[in-house]
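These protein sequence lines map, in sequence, to chains D, P, B and F.
Positions 11 to 368 (the numbering used here) are the ones given, in order, by the first sequence.
Positions 11 to 368 (the numbering used here) are the ones given, in order, by the second sequence.
Positions 11 to 368 (the numbering used here) are the ones given, in order, by the third sequence.
Positions 11 to 368 (the numbering used here) are the ones given, in order, by the fourth sequence.
We put the beta carbon where it would ideally sit given N, CA and C, even for glycine.
What follows is a single structure, written as structure tokens, with notes after it.
Protein chains: 4
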Amino acid sequence: MPQMMKAAVFVEKGRIVLDEKPIPDIGPQDALVRITTTTICGTDVHILKGEYPVEKGLTIGHEPVGIIEKLGSGVTGFQEGQRVIAGAITPSGWSHACLCGCGAQDGAGTRHGWKAIGGWKFGNTIDGCQAEYVRVPDAMANLAPIDDAVSDEQVLMCPDIMSTGFAGAETGQIKIGDTVAIFAQGPIGLCATAGAKLMGATRIIAVDTVPARMEMAKRMGADVVVDFRKENPVDAIKCLTDGRGVDVAIEALGTQPTFEAALRVLRPGGVLSSLGVYSTDLKIPLDAFSAGLGDKSIRTSLCPGGKERMRRMLEVVVSGRADLSGLVTHRFQLDQIEEAYDLFANQRDGVLKVAITP
Amino acid sequence: MPQMMKAAVFVEKGRIVLDEKPIPDIGPQDALVRITTTTICGTDVHILKGEYPVEKGLTIGHEPVGIIEKLGSGVTGFQEGQRVIAGAITPSGWSHACLCGCGAQDGAGTRHGWKAIGGWKFGNTIDGCQAEYVRVPDAMANLAPIDDAVSDEQVLMCPDIMSTGFAGAETGQIKIGDTVAIFAQGPIGLCATAGAKLMGATRIIAVDTVPARMEMAKRMGADVVVDFRKENPVDAIKCLTDGRGVDVAIEALGTQPTFEAALRVLRPGGVLSSLGVYSTDLKIPLDAFSAGLGDKSIRTSLCPGGKERMRRMLEVVVSGRADLSGLVTHRFQLDQIEEAYDLFANQRDGVLKVAITP
Amino acid sequence: MPQMMKAAVFVEKGRIVLDEKPIPDIGPQDALVRITTTTICGTDVHILKGEYPVEKGLTIGHEPVGIIEKLGSGVTGFQEGQRVIAGAITPSGWSHACLCGCGAQDGAGTRHGWKAIGGWKFGNTIDGCQAEYVRVPDAMANLAPIDDAVSDEQVLMCPDIMSTGFAGAETGQIKIGDTVAIFAQGPIGLCATAGAKLMGATRIIAVDTVPARMEMAKRMGADVVVDFRKENPVDAIKCLTDGRGVDVAIEALGTQPTFEAALRVLRPGGVLSSLGVYSTDLKIPLDAFSAGLGDKSIRTSLCPGGKERMRRMLEVVVSGRADLSGLVTHRFQLDQIEEAYDLFANQRDGVLKVAITP
Amino acid sequence: MPQMMKAAVFVEKGRIVLDEKPIPDIGPQDALVRITTTTICGTDVHILKGEYPVEKGLTIGHEPVGIIEKLGSGVTGFQEGQRVIAGAITPSGWSHACLCGCGAQDGAGTRHGWKAIGGWKFGNTIDGCQAEYVRVPDAMANLAPIDDAVSDEQVLMCPDIMSTGFAGAETGQIKIGDTVAIFAQGPIGLCATAGAKLMGATRIIAVDTVPARMEMAKRMGADVVVDFRKENPVDAIKCLTDGRGVDVAIEALGTQPTFEAALRVLRPGGVLSSLGVYSTDLKIPLDAFSAGLGDKSIRTSLCPGGKERMRRMLEVVVSGRADLSGLVTHRFQLDQIEEAYDLFANQRDGVLKVAITP
């Protein structure tokens with residue numbers, strides 16, 4: 011009889027519950043990681059609400075911090091007992107997607123046929139990490155050891171929102187001296203703000219309306235924060251840039267208004283770097299798109315994963331170049347995860363991110 | 011009293027007529043070029059139909075081949091009597107747009123305020139070249155001498171459709187071994203097909219329905235031509251690529267169906283390189299966009315201009331790497347330009363491009 | 011008792027001999043490939059001459075074409091009996107080098123400590139493929155199926171010289187309209203010439219002196235061939251480019267004179283793309299380097315490997331975009347390999363590449 | 011009779027003296043700028059020592075801060091009385107070099123024939139700005155207005171060493187999470203250190219031996235400073251990186267030992283970004299170059315110029331992202347410039363940069 015563990019499981023639309031499941035078996039290329047800290051992501055809330063379909067019974071969660079409990083027979087270069095993270099996205103390394111530099115799309119399409127929706131596995135196509143244990147596939151490509159000098163909570167953002175937010179800045183190809191606008195300052199937008207600063211943007215305009223998020227945006231590097239309830243952000247950004255527009259606009263929410271505003275504030279030749287997970291068709295207004303003549307581009311990024319990416323994220327934390335641990339506003343035991351979902355999904359009590367400890 | 015010349019002038023929606031106008035004056039940085047060959051572009055037809063607004067009385071046309079008649083006092087490095095082309099887009103060289111590598115957007119926004127629609131000047135914001143003479147602004151940045159070995163007609167595509175079509179391939183960052191789909195095989199799509207071949211795409215799938223264009227697509231480098239009236243091009247391309255999709259899709263028409271199909275055929279991580287001049291808002295279907303999770307990008311390109319770009323286009327012609335002179339299917343005198351517009355706008359008689367000689 | 015096979019083995023400086031060895035065992039991630047065709051590379055001659063040290067008893071050879079004989083227990087996605095190639099360089103997929111896009115350096119440094127010399131394994135750090143069988147490590151990242159439409163000999167250049175030569179063009183970032191000089195037209199230089207053409211260079215100047223190679227250079231795409239025994243190639247290229255210099259110079263021999271000449275013919279801002287395996291220190295003359303003020307760069311490339319790279323090389327062959335099978339000038343049985351080395355090492359009888367068939 | 015001004019003039023090897031010269035005439039595309047602050051560069055010391063040849067009688071200096079005194083008849087977009095800087099390198103905008111994105115090489119080769127040494131004009135091929143007035147050529151491409159909020163001294167580094175040092179980081183293509191070594195912490199090395207930090211390097215290792223420079227290196231962003239007199243910097247950096255090496259090494263001195271050490275500390279696939287002005291041939295040791303098999307590159311950068319570049323440098327200052335004004339350690343009147351040269355050339359009194367005010 012297998013040993014059992016606790017795990018947060020998708021039951022049906024509206025219900026993610028803590029349940030008992032067997033501790034996962036692992037194959038030769040896998041690792042079993044005992045989770046010491048994890049968190050809940052906005053995408054998990056999409057799953058909870060039934061907006062993003064997953065199989066019933068799946069363990070949710072894709073942001074693991076933990077200890078290697080067991081290594082597959084084929085895994086070298088790691089030791090049991092090491093403290094590690096793995097990225098939300100777990101590239102195999104050997105796929106065509108990986109070998110052509112697009113590791114985040116490894117496995118894309120295998121679940122939904124040709125309609126690829128990215129290479130996200132944990133808590134999407136395989137069991138995730140809101141549990142006592144998680145199986146990490148392709149462990150040699152995905153485990154990243156954590157420096158003793160930093161705590162679980164300090165590195166908890168690395169697997170997903172930090173890698174995603176920074177990717178927004180990187181895909182935007184931000185250069186020294188750029189002006190950048192970031193639409194929405196939830197956890198991912200805040201990380202995009204930090205990423206824009208880290209890459210040398212000299213003018214960072216953040217857009218939100220929640221006071222705590224606007225305040226946090228400044229701590230992350232925003233020079234100006236526009237409150238979209240007080241003024242039209244497109245007009246405000248036009249004004250702030252003397253009509254020039256921004257070099258890069260980062261969309262970090264996943265809605266038509268933010269997407270459209272991000273397109274409108276671009277200078278000719280600018281880049282809309284899109285991070286949002288959309289749930290509707292999008293409209294590109296003709297004028298915002300300069301009728302196709304403005305040398306604009308729209309680029310989407312899925313969270314880059316793999317151990318090399320995680321190593322870099324950890325370096326940012328260890329070096330103190332960015333400190334994202336302030337994003338954890340609430341802490342729960344795994345036993346309280348339903349309560350944590352309730353708080354997080356309803357954005358109560360100024361929550362940004364929660365830390366869950368089994 | 012100024013000397014007079016003939017010029018094709020926009021009078022009102024539906025009417026471009028041959029008229030008499032003074033030969034242009036030139037400033038110190040300009041050149042006066044006597045046109046020996048020019049052509050009509052699809053964009054000119056948009057102007058004719060009133061879909062793209064220009065001032066009444068403007069001389070139309072942006073594809074000049076001719077002889078330097080006179081140089082401004084500040085122009086060095088050229089001689090009167092030299093045979094030259096200038097690009098459809100005429101960057102100044104000294105603007106912020108030029109100096110940050112986005113020369114095609116030089117002057118963008120000066121006409122329509124903040125709603126930039128690209129840096130196109132000839133036949134848009136200044137008098138164009140469907141005339142006996144044209145003033146070329148910023149001549150030192152824009153004149154490109156033509157090798158004696160090639161005819162006017164051989165280089166007539168360089169100023170616009172060749173530079174634009176090739177930009178579709180370049181902005182798509184086509185690599186050796188890529189699979190590329192090109193939607194619509196009008197003059198620009200045909201040049202994009204030639205550009206894709208020139209950059210090393212090994213599988214080129216062209217989409218059109220007009221037999222002569224489908225035939226020409228093969229001459230330009232298409233390996234397969236899909237007739238969109240006979241089969242759904244998205245299904246056909248899925249099938250041709252075993253469900254993988256294409257690395258790069260080039261949109262060369264400017265319509266919702268081609269834009270959407272181009273997005274749908276992309277592999278995860280693929281690039282939609284958009285060349286079309288759109289006249290309506292666009293819709294991005296959620297699934298075609300992988301909900302923002304597919305690492306896809308949409309990039310638009312306006313025709314790159316300037317003498318260095320033109321030099322490269324001329325090199326392609328002189329070296330014989332691509333032969334686009336076959337695109338000229340009909341020839342007219344400038345006196346017959348109204349007839350030429352009628353033929354071209356209505357796509358009669360299998361017309362691809364016309365050559366106009368004053 | 012293990013089954014035995016024939017293999018070309020390094021014995022000592024000056025001696026590579028055909029010997030009997032056990033057919034390799036394979037691990038769970040490996041494949042055993044029965045070689046149907048392979049070849050000898052210039053690097054193998056360096057090994058033969060003792061200029062490049064390998065362990066005694068090692069099987070030489072890194073260009074395998076063959077049939078999958080057996081798959082490791084962990085390998086999916088391939089079938090025994092499939093005809094495949096693997097690249098000369100065999101990235102694991104999961105290393106830091108691979109995950110940061112530098113797969114050719116996977117394993118670099120593990121053999122010689124910190125003095126990394128690239129991630130080349132076959133016939134360098136593990137047994138190679140001048141044998142009846144070869145073990146392919148990390149098979150899922152490295153096996154590439156061959157289309158039935160093409161012969162072994164047609165794809166024999168893919169694993170090494172084609173991938174390397176094309177990398178010379180790619181690392182040089184050749185653009186449409188570039189002028190490119192390629193120094194030396196041995197097998198790799200010829201592939202670099204083909205690669206330059208495939209990427210859109212419009213002026214290709216090849217340098218060699220052997221008539222058969224100069225002739226082959228033209229077939230591969232050279233517009234001009236400079237015979238360095240008849241004229242100083244630097245002067246000749248200066249003259250051919252009206253003093254401007256070339257955008258990209260590819261060094262494909264590995265000597266001081268070719269390296270230095272490649273640097274001298276660059277325009278300001280140009281790129282020296284270096285493919286040669288050097289055996290001496292190099293000198294950068296101050297004037298050729300513009301004292302460091304010329305925005306020049308020197309970039310080296312090791313042969314890119316992995317199944318995605320191989321897929322692209324195979325696509326080039328299958329599509330007919332480049333035909334390199336003409337490079338095979340001589341054919342031998344594996345039994346005759348010592349004779350083949352003798353011919354190839356001494357460049358007798360106009361040899362370019364040999365095909366070896368067990 | 012022309013009005014006269016004071017200017018620092020090269021007389022002969024060893025002598026730059028303050029002299030009287032006519033205030034420059036300007037042409038239609040030029041501006042006359044009244045210098046309010048300027049400085050002396052290491053390159054000027056090369057000129058002084060006769061190591062870098064310029065014409066006798068030339069006014070030296072290429073780092074102008076001042077007020078527009080007069081604009082040429084063809085110059086628009088600026089007003090007399092505006093406070094401006096111009097870059098050390100003054101691209102025209104219209105040259106082939108500019109139009110292909112290599113503006114720093116505009117004019118390269120015009121002075122020394124084909125042996126191009128970059129597009130540097132001020133104090134090299136035309137009169138410079140260690141004077142009361144300077145003629146700025148191609149003013150529309152080169153003048154950048156200064157924000158009132160910052161002082162002359164705060165922006166004095168923008169025209170040259172900041173643009174150069176940052177270019178070292180940019181050409182190295184530093185990415186978030188990179189480890190970077192910078193050899194020599196003179197003014198340019200210090201700016202490279204600041205640039206590396208600004209682009210997201212998380213581990214910055216600076217090498218020098220002068221205590222004040224080592225201290226300043228830490229203020230600019232270095233995490234570790236290696237004193238090359240106390241330990242071998244190659245060994246130290248190997249050790250600091252656990253044998254891995256650095257992603258990017260920046261050479262900021264222009265000598266064989268620093269060049270060679272920079273090459274030796276690179277990881278496989280790393281980039282040596284070279285800023286130094288060399289005065290001897292360079293040697294590339296075979297092992298440091300991995301025999302050409304290490305996917306390493308060596309890239310040189312000349313100071314990028316033009317008004318868009320200057321705008322970005324000014325933005326960095328105005329935004330406070332980097333504060334380089336601390337580099338000015340000594341201040342002189344123009345009348346004292348010979349004294350300033352003496353101090354600076356001999357690196358007395360811990361001098362980093364001097365401010366010269368006419």
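Residues of the region 285 to 310 of chain D with a Cβ closer than 7 Å to any Cβ of chain F: none. Scanning its chain for C-beta atoms nearer than 6 Å, with the 5 sequence neighbours on each side dropped, one finds around Pro314 (chain B) the residues Ala114, Ser173 and Ala177, in chain order. The contact set of Leu42 (chain F) on chain B, defined by CB atoms closer than 8 Å, is empty, because the minimum CB distance reaches about 28 Å. Note that the C-beta distance between Ile366 (chain F) and Thr46 (chain F) is not below 8 Å. In the structure shown, the three-state DSSP call for Gly128 (chain P) is coil. At least one C-beta of chain D is nearer than 8 Å to the C-beta of Phe176 (chain F). One thing to note: Ile78 (chain F) has its Cβ no nearer than 8 Å to the Cβ of Val55 (chain F). Exposure of Cys249 (chain P) is indicated by the presence of fewer than 16 other C-beta atoms within 10 angstroms of its C-beta. The beta carbon of Glu349 (chain F) sits closer than 8 Å to those of Phe342, all from its chain and outside the five residues before and after it, given in chain order. For Val326 (chain F), the C-beta contacts it makes with chain D under 9 Å involve Ile186, Gly187, Gly210 and Thr212, in order along the chain. A straight line joining the alpha-carbon of Pro243 (chain P) with that of Thr212 (chain P) spans about 19 Å. Ranked by Cα distance from Glu61 (chain P), the first of P:Thr69, P:Gly52 and P:Gly67 is P:Gly52. Three or more beta-carbon pairs separated by less than 8 Å link the region 91 to 105 of chain D to the region 134 to 147 of chain D, which places the two stretches in contact. Per the Cβ contact rule, the region 297 to 313 of chain P is in contact with the region 292 to 312 of chain D (3 or more Cβ pairs under 8 Å). Considering only beta carbons, the part of the region 102 to 113 of chain B lying closer than 9 Å to chain D consists of Ser102, Gly103, Trp104, Ser105, His106, Ala107, Cys108, Leu109, Cys110, Gly111 and Gly113, in chain order. The alpha carbon of Glu261 (chain F) has as its nearest neighbour, out of F:Arg229, F:Arg321, F:Ile215 and F:Gly210, the alpha carbon of F:Ile215. In the DSSP annotation of this structure, the continuous segment of the beta strand (DSSP E) that includes Arg145 (chain P) starts and ends at Tyr143 to Val146.
Per DSSP, Gly178 (chain D) is one residue of the alpha helix (DSSP H) stretching across Ser173 to Thr181. The contact set of Glu318 (chain P) on chain F, defined by CB atoms closer than 7 Å, consists of His106, Leu109 and Cys110 in chain order. Taking a cut-off of 8 Å for Cβ pairs, the region 180 to 191 of chain F and the region 287 to 298 of chain F do not touch, as fewer than three such pairs fall below it.
At a cut-off of 8 Å between beta-carbon atoms, Gln115 (chain D) makes contact with chain P.
With respect to chain P, the C-beta atom of Arg331 (chain B) has a partner C-beta closer than 8 Å.
Only residues of its own chain outside the window of five on either side were considered, and among them Glu73, Ile95, Gly97 and Ala98 have a CB closer than 6 Å to the CB of Pro169 (chain B), listed in chain order.
Closer than 8 Å to the CB of Gln39 (chain F) there is at least one CB belonging to chain P.
Within the region 128 to 160 of chain P, contact with chain F at the beta-carbon level (separation under 9 Å) is assigned to Asp148, Ala149, Met150, Ala151 and Asn152. Only Arg277, Pro278, Gly279, Ser284, Leu285 and Gly286 from the region 270 to 286 of chain F bring a Cβ to less than 8 Å from some Cβ of chain B. Residues of the same chain with a CB within less than 7 Å of the CB of Val234 (chain D), apart from the 5 flanking positions on each side, are Ile215 and Leu250 in chain order.
Listed by position along chain F, the residues whose Cβ is nearer than 9 Å to that of Asp233 (chain D) are Ser329. Residue range Leu292 to Ile294 is occupied by the beta strand (DSSP E) that includes Ile294 (chain D). Within the DSSP bridge table, the entry for Gly205 (chain D) names no partner. Taking all protein chains shown into account, Ala194 (chain F) has 16 or more neighbouring C-beta atoms within 10 Å of its C-beta and is therefore buried. Interface criterion not met: the Cβ of Gly205 (chain F) is under 8 Å from no Cβ in chain B.
The region 81 to 90 of chain F and the region 24 to 44 of chain F touch, with no fewer than 3 CB-CB distances between them shorter than 8 Å.
Contacts with chain B (Cβ-Cβ distance below 7 Å) from the region 246 to 273 of chain F involve Lys248, Gly253 and Gly264, listed in chain order. Residue state for Val281 (chain F) is assigned as strand, using DSSP reduced to three classes. At least 8 Å separates the CB of Arg229 (chain F) from every CB of chain D.
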